[in-house]
Amino acid sequence: MKKTYLFTKRSFDLVFSLLGLLALLPVFLVVIGWIKLDSRGPTFFKQQRIGKGQKPFTILKFRTMVVGAEKLGKQITVGQDARITKSGRLLRKYKIDELPQLINVLCGQMSFVGPRPEVPYYVNYYNEQQKEVLSIRPGITDWASIKYSDENALLSSAEHPEQLYIERIMPDKLNMNLLYLQNASLKKDVEIIVQTLHKIM
Numbered sequence: 011m012k013k014t015y016l017f018t019k020r021s022f023d024l025v026f027s028l029l030g031l032l033a034l035l036p037v038f039l040v041v042i043g044w045i046k047l048d049s050r051g052p053t054f055f056k057q058q059r060i061g062k063g064q065k066p067f068t069i070l071k072f073r074t075m076v077v078g079a080e081k082l083g084k085q086i087t088v089g090q091d092a093r094i095t096k097s098g099r100l101l102r103k104y105k106i107d108e109l110p111q112l113i114n115v116l117c118g119q120m121s122f123v124g125p126r127p128e129v130p131y132y133v134n135y136y137n138e139q140q141k142e143v144l145s146i147r148p149g150i151t152d153w154a155s156i157k158y159s160d161e162n163a164l165l166s167s168a169e170h171p172e173q174l175y176i177e178r179i180m181p182d183k184l185n186m187n188l189l190y191l192q193n194a195s196l197k198k199d200v201e202i203i204v205q206t207l208h209k210i211m
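Residues in the sequence shown are numbered consecutively from 11, following the working numbering.
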């Protein structure tokens, strides 16, 4: 990737993540209060993901599941997962739970657009070519997020959801991200952001 593009991309991330956090502060306060009233536990969900250069980082989300959900099931969420809280269903539907990742973007751990970061468990399944997606900052959204916006429903209809994810969905996502790396541009990043907003609204 060209250095000018990477510099412009990072500048875009810095400016708009800061503006976004300031503009969405009232939304954050409302969501925090709702989560606190809905279920016991912390407001934010923190999880280790693999970022640029295969370095782990802590991703931030609004908590949408019961405390200790990872110990009660798999690391993928399937359909009407019983671990999801009442508030969590709406937060997930409109991707509001992803908003705290603006902090990850501001800190330089993520970008607005880039391959979605995986947990270490699934990264272990990547082959050498697929690991190329770890050469850039992961993103809040990408082409794969748009295509698989109904991933939970898709997995819920499968007899073996985790097998479907590992053998079909994840490789397809990685192929899309490898194509993104070959044709990345600020124009395409803006297009992905616009299409993401259109998809969830």
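Glycine included, every Cβ here is placed at the ideal spot set by N, Cα and C. Predicted model, so just to flag it, every value in this text is computed and none were measured.
>> For Gly98, report the span of its alpha helix (DSSP H) as first-last.
In response: 96 to 103
>> Can you tell me which residues form a DSSP beta bridge with Val123?
In response: Thr151
> Does the distance from the CB of Leu70 to the CB of Gln119 come in under 7 Å?
Replying inline: no
>> Which same chain residues end up closer than 6 Å to Gln64 when comparing Cβ atoms and leaving out the 5 residues on each side of it in sequence?
In response: Leu144
>> Please state the DSSP three-state secondary structure of Arg59.
In response: strand
> To which residues of the same chain is Asp48 closer than 6 Å at the C-beta, ignoring the five residues directly before and after it?
Replying inline: Thr95, Lys96, Ser97
> Apart from the five residues just before and just after Thr74, which ones in its own chain have a Cβ nearer than 8 Å to its Cβ?
Replying inline: Phe55, Ile94, Thr95, Ser97, Gly98, Arg99, Leu101, Arg102, Asp107
> Which of the three DSSP states, helix, strand or coil, is assigned to Leu112?
Replying inline: helix
> Taking C-beta to C-beta, are Val115 and Ile60 nearer than 7 Å?
Replying inline: no
> Exposed or buried, Phe17, counting other C-beta atoms within 10 Å across all chains shown (16 or more means buried)?
Replying inline: exposed
>> Quick check on the burial criterion: 16 or more other C-beta atoms within 10 angstroms. Buried or exposed for Asp160?
In response: exposed
>> Applying the 10 Å Cβ sphere with the 16-neighbour rule, what's the burial state of Leu184?
In response: buried
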